[in-house]
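Quick note: to get this note's numbering, add 901 to the position in the sequence shown (first position is 1).
Backbone N, C-alpha and C define an ideal beta-carbon position, used for all residues, glycine too.
Predicted model only: the values in this text are computed from it and were never measured.
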Amino acid sequence: MHDLRVLRDNPEAFDGGLARRGLPPQSAVVLDLDARRRAAQTALQDMQARRNEASKLIGAYKKDGKDAQPLMDEVASLKERMAEAEVTEKALSEELDGLLATIPNLPAADVPPGKDEHDNVERHRVGTPPAIDGAKEHYDLGEALGFMDFAGAAKLSGARFTVLKGPLARLERALGDFMLDIHTTEFGYTEVSPPLMVRDEAAFGTGQLPKFAEDLFRLNTGHWLIPTAEVPLTNLVADSILDADELPLRLTARTPCFRAEAGAAGRDTRGMIRQHQFYKVEMVSITTPDQSVAEHERMTEAAETVLKRLGLPFRTVTLCTGDMGFSAAKTYDIEVWLPGQNTYREISSCSNCGDFQARRMKARWRAKGDKNTQFVHTLNGSGVAVGRALLAVMENYQEADGSIRVPDALVPYMNGLERIVRG
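Next up, the structure:
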């Protein structure tokens, strides 16, 4: 959500931030609702004060034998008017909150301008794409090996699901273990095993609701299946006040993720690039405002370390203003090289959300010796998408005979297996 005090003081800056995202101005509508709501609150307070005053006078009038009926009539009238004013104030508050809930975070000052992914700015490239004659895509490799079953998954669940078997299922597990070990032992993240179902409040806190409900799966219990572990991990600090010495708080989890992919019709229909269900290792950091910029760089380094250790070529880009997610103030995307597609594809997205999510979650911190509280900053990043790492390993380590070499870093996690061959 947004700080109304800042918006009132500088509506031009607010609209300027939205314009950088390619969105129309909203300050006039927000401030109009805010002014009407505040006027309604003031009127309600004035009526309550007068009602209290008149109620006291009624007792005094009766004690002195004076006619209290006019005062009693006034109190009765005030009661009715207050009830109407409460309805008006509630309606205005709900309308204002509803509008604010759909307005995205404003981009940081150093985010490059642009409309879409074509305007993203490359930061650096690591590794050289391998020269593979007639490189195959992961689905052709996996099906030929006999360990990737799309037909079986479709029979069970429909499109955008995969069944992995044997050494490919083992490789998926190994990748997740490998990633968690890096993040917990080298970067100080605490491993968490969170719920996979969350309430409305949690999905609202991280920005999935109300605007992106169609991208989520809703259960008949009223819960939502998590689209990423960002949701439960970040919301662990909702409605809380943290001490300064608890920050930065770093959490990581490997979970299944569930996405409806409502806007992905016709895109990546084959293979594991875009699935309804997939595994991902997520990183979340909770920081003070002055820590978040450095923490963003550190989080991105953790994700990049995974790919470096696996020997996977990648590039890191800064997303432009028009390509950032709803809650982000600044985002780095890491894109891994896929020889079968002869291009880079996203495998991690690391975002600094500033205090945007914290305001929605009411997550605060307090400096030592200070009575006042401030909103924390929240960051999240993929560390990395396990399924996409799996297919990246398959494509970059494929051999002419269709076998897959296991990266050296994963051999200990594969019980010494160095090559995956047809079963």
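Over the uninterrupted beta strand (DSSP E) stretch that includes residue i, give me the two end residues.
i: Ala-1286; result: 1278-1286
i: Val-1141; result: Note on residue identity: the sequence assigns Ser, not Val, to residue 1141. Counting along the chain, the beta strand (DSSP E) containing Ser-1141 begins and ends at 1141-1144.
i: Thr-1156; result: 1150-1159
i: Ser-1186; result: 1178-1188
i: His-1019; result: That residue, His-1019, is in no beta strand (DSSP E); it is neither H nor E in DSSP.
i: Val-1218; result: 1215-1219
i: Ala-1301; result: No beta strand (DSSP E) contains Ala-1301, which DSSP labels as neither H nor E.
Taking all protein chains shown into account, decide if residue i is buried (16 or more other Cβ within 10 angstroms of its Cβ) or exposed.
i: Ser-1094; result: exposed
i: Asp-1309; result: exposed
i: Asp-933; result: exposed
i: His-1084; result: buried
i: Gln-1109; result: buried
i: Ser-1058; result: exposed
i: Asn-1121; result: exposed
i: Asp-935; result: buried
Output needed for residue i: all residues of its chain with C-beta closer than 7 angstroms, excluding positions within five of it in sequence on either side, in chain order.
i: Gly-918; result: Leu-1007, Pro-1008
i: Met-948; result: Leu-979, Arg-982, Met-983, Ala-986
i: Pro-1068; result: Phe-1048, Leu-1318, Ile-1321
i: Thr-1063; result: Met-1049, Phe-1051, Ala-1054, Met-1173, Gln-1176
i: Gly-1043; result: Met-1049, Leu-1069, Met-1295
i: Arg-938; result: Glu-990, Leu-993, Ser-994, Leu-997
Between which residues of its own chain and residue i is the CB-CB distance below 6 angstroms, once the five residues before and five after are set aside?
i: Val-1285; result: Ala-1204, Val-1207, Ile-1248, Ser-1249
In the DSSP assignment, what residue or residues form a beta bridge with residue i?
i: Leu-1239; result: Thr-1244
Distance check for residue j and residue i, CA to CA, integer angstroms please.
i: Gly-1223; j: Asp-1234; result: 14 angstroms
i: Gly-1035; j: Met-1295; result: 14 angstroms
i: Asp-1020; j: Leu-1220; result: 8 angstroms
i: Pro-1313; j: Ala-1002; result: 47 angstroms
i: Arg-1199; j: Asp-1191; result: 14 angstroms
i: Asp-1041; j: Phe-1079; result: 25 angstroms
i: Thr-1244; j: Lys-1112; result: 31 angstroms
i: Asp-998; j: Leu-1081; result: 38 angstroms
i: Ser-1193; j: Phe-1215; result: 24 angstroms
i: Arg-1119; j: Pro-1096; result: 15 angstroms
i: Ala-1130; j: Thr-1156; result: 6 angstroms
i: Glu-1018; j: Ser-994; result: 36 angstroms
i: Gly-1028; j: Glu-1102; result: 42 angstroms
So, for residue i: in the same chain, excluding its five sequence neighbours on each side, which residues have a beta-carbon less than 8 angstroms away from its beta-carbon?
i: Arg-1267; result: Ile-1142, Leu-1143, Asp-1144, Ala-1145, Asn-1273, Thr-1274, Gln-1275
i: Val-976; result: Arg-952, Ala-955, Ser-956, Ile-959
i: Gln-1258; result: Gly-1106, Thr-1107, Gly-1108, Thr-1135, Ser-1228, Ala-1264, Thr-1279
For the alpha helix (DSSP H) that contains residue i, what are its first and last residues?
i: Met-983; result: 970-1001
i: His-1197; result: 1193-1211
i: Tyr-962; result: 928-964
i: Thr-1085; result: 1067-1086
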